[in-house]
Amino acid sequence: MKKTGGGDSANMEALSTQPSSQTSAAPNGTPAARHYPLNLPDAPFHRYEHRMTARDIMVHRIMTDYMNPIRVKPSTYDSAVVHPAAFSPISYQDKELGTDLRCLQKMLFTSYGDAPPPRASPMTAVLPHPHAACCGMRPQVTIVEGPRNRPPLLRDQILDLVRQHYLEADNAILRAWISHLGPVPTPSNGPR
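In the working numbering, the protein residues as written are 680 to 871.
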C-alpha cells in the first residue's frame, strides 16, 4: 500500500477499500467472519457452546438489585441469616427476586459440603430436603462465611451463591466434569 500525503484519514480510506483477508462472503452475499461461522445459513448450530443460560440471567437480575437496591430495601441485605435456604426477607418484598435466589441455589451443582466450617461462622449446615439422609442422598451442606464475631448476613449468602455460579460457569474443566457427572439424583417417591 502506498502512503499518501493526506495523513491518517487517507490511510483509513485506503484500508477500507482493500479486500480483507479476515472476512469472507456468505452464500447470500453478506460478509461473515471466518472464525465465527454461526451466522452462515448451513452452519451446525448444535456444535457450538452458547454461554448465555437461564442461570446467567438470574445472576444478572440478582446482582443488579444487590448493587443498586430498588426492588428490596438495602437494609434487608444486612439482616442475619436465620435459615440459609429461605430467602424469606427478600421474598416478602419481591417475589421474583426471592424466586430467582431459590432457583439459583437449587440449580447449582457444587457445594461446600466437604470444607471445614470457617472459624468465624457460627452456623454452617442446611439440609435442603428433610429426608435426604434417609434416602441415601448426600445432604447438601452450605457454609456461609462471615467476618469474625458476627453472624453471616443475607448479603454474604447471596455473594456465596454468585461465586459458586461463576466457578461452575467459567471454569472449563469443572464444566466438563459436571456435565460428565450429570444431574444430581433425586428420590422419585418419599421416604422409605
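Just so you know, even glycine gets a beta-carbon here, dropped at the ideal spot from N, CA and C.
Pull the bridge partners of residue i from the DSSP assignment, please.
{"i": "L660", "result": "For the chain, the structure presents residues 680 to 871; residue 660 sits outside this window and is missing."}
{"i": "A759", "result": "L832"}
With distances taken Cα to Cα, identify the nearest neighbour of residue i among the options.
{"i": "Y754", "options": "L832, V841, G861, T743", "result": "First, the residue type needs correcting, since residue 754 is Ser and not Tyr in the sequence shown. It is L832."}
{"i": "L787", "options": "I837, Q843, N747, A733", "result": "Q843"}
{"i": "R750", "options": "I736, H859, A759, P768", "result": "P768"}
{"i": "I837", "options": "Q784, R734, Y771, P748", "result": "Q784"}
{"i": "K774", "options": "R740, A733, N850, D735", "result": "R740"}
{"i": "A759", "options": "D849, P830, M742", "result": "P830"}
{"i": "C782", "options": "R734, M746, A848, M742", "result": "R734"}
{"i": "M742", "options": "V841, E847, S770, D849", "result": "V841"}
Are there 16 or more other CB atoms within 10 angstroms of the CB of residue i, so buried, or fewer, so exposed?
{"i": "G861", "result": "exposed"}
{"i": "D835", "result": "buried"}
{"i": "Y756", "result": "buried"}
{"i": "M731", "result": "exposed"}
{"i": "D779", "result": "buried"}
{"i": "M737", "result": "buried"}
{"i": "D839", "result": "buried"}
{"i": "D744", "result": "buried"}
{"i": "H859", "result": "exposed"}
{"i": "D849", "result": "exposed"}
Sufficient close CB pairs (3 or more, under 8 Å) joining the segment 847-861 to the segment 750-765: no
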